[in-house]
Structure formats: C-alpha cells, structure tokens
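Chemist:
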Amino acid sequence: MPSSRIQIIGAEKSLFKHLHGHAPSPKHGIIYRHPAVIGVPKRLRGKTARALAGKLAIAARLDSCGAGLLPDLKAALDRRLAEIGRSRRRDPSAKSWGSDLYSKAPSYDRKG
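The structure is reproduced here in structure tokens:
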C-alpha cells in the first residue's frame, strides 16, 4: 500500500468530498492520532503525517517479506521528525527560497 493511502486512512469522507470538488484534499486521517503528529503545529501536521506514513509503508513492506523491523528505519524517522521540528522554529512569515522567483523575472512585451 502506498504511503499516500496510509496517510489518509480514516479520512474517506473528506477524500470523497475532495474528489467531488467540495473540499480541499485531506492531509491526514487516523494517523492524526499518533503522538508525533498531534504534538506539532497545524501547519506542519501534513508534513509530519507524510513522513510517518512513508516510514510505515516501508515497515509494512519489510514485514511482509519477513525481514523484520530495522533500527535504521526508526532512526531515520526520528531524524526526519527532528528536521520538521527545526523548520518549526523558523519565522513563518519569511519567504521561502523560490517564492519571489517569478516576480523578479523580466517582462517581455509582445509585438506582433
């Protein structure tokens, strides 16, 4: 099962509203109840849920092959959650790297 599907398990009603054009796409479903997702601000919950769902998908694939859980997987998740936590400390009003990329682009007049 892909991580995008794992991420929105439990949000079927929101997903169908989105598919019919009545609501934005759901960011997370039951994965929202995980302590790693609950403990972050609302603006970072989608990113945290996506990271957790990705590692859950890898763990499920390893389990189905009989490989068992790798300690590196838990460490990788902890590193990613720490990165997300560090990004939380930045000023949210600051522009991202490419936000003004097109505003500084030269304008060309069409003469035809």
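For the sequence shown, numbering that gives the first Met the number 0 gives the first residue as 0, with consecutive numbering after it. Idealized CB from N, CA, C, for every residue including glycine.
Which residue marks the beginning of the alpha helix (DSSP H) containing GLY9, and which one marks its end?
Modeler: No alpha helix (DSSP H) holds GLY9; DSSP gives it neither H nor E.
Chemist: By a C-beta neighbour count over all protein chains shown, 10 Å radius and 16 as the cutoff for buried, is ALA50 buried or exposed?
Modeler: ALA50 comes out buried.
Chemist: Are SER13 and ILE7 close, meaning C-beta to C-beta below 9 Å?
Modeler: Taking 9 Å as the Cβ cut-off, SER13 and ILE7 qualify as a contacting pair.
Chemist: What separation, rounded to the nearest whole angstrom, lies between the Cα atoms of GLY28 and ARG44?
Modeler: Answer to the nearest angstrom: the Cα atoms are 11 Å apart.
Chemist: Would you decide whether LEU68 is buried or exposed? Buried here means 16 or more other CB atoms lie within 10 Å of its CB.
Modeler: Classification for LEU68: exposed.
Chemist: Indicate the three-state DSSP secondary structure (helix, strand or coil) for TRP96 in the structure shown.
Modeler: Note on TRP96: pLDDT 45, under 50, position unreliable in the model; the coordinate value appears next. Of the three classes helix, strand and coil, the one that applies to TRP96 here is coil, per DSSP.
Chemist: Compare the beta carbon distance of ALA10 and PRO25 with 9 Å and say whether it is the shorter of the two.
Modeler: Yes; because the gap between Cβ atoms is below 9 Å, this pair is in contact.
Chemist: Near HIS17, which residues of its chain fall below 6 Å by C-beta distance, leaving aside the five closest residues on each side in sequence?
Modeler: Same-chain partners within the cutoff: SER24.
Chemist: Just to check my reading of the structure: VAL39 and ILE30 have Cβ atoms closer than 8 Å, yes? What is that Cβ distance to the nearest angstrom?
Modeler: Actually they are not in contact, since the Cβ atoms of VAL39 and ILE30 sit about 12 Å apart, beyond 8 Å.
Chemist: Could you tell me which of SER2, ARG42 and LYS54 sits nearest to ASP71, measuring between CA atoms?
Modeler: Cα-wise, what sits closest to ASP71 is LYS54.
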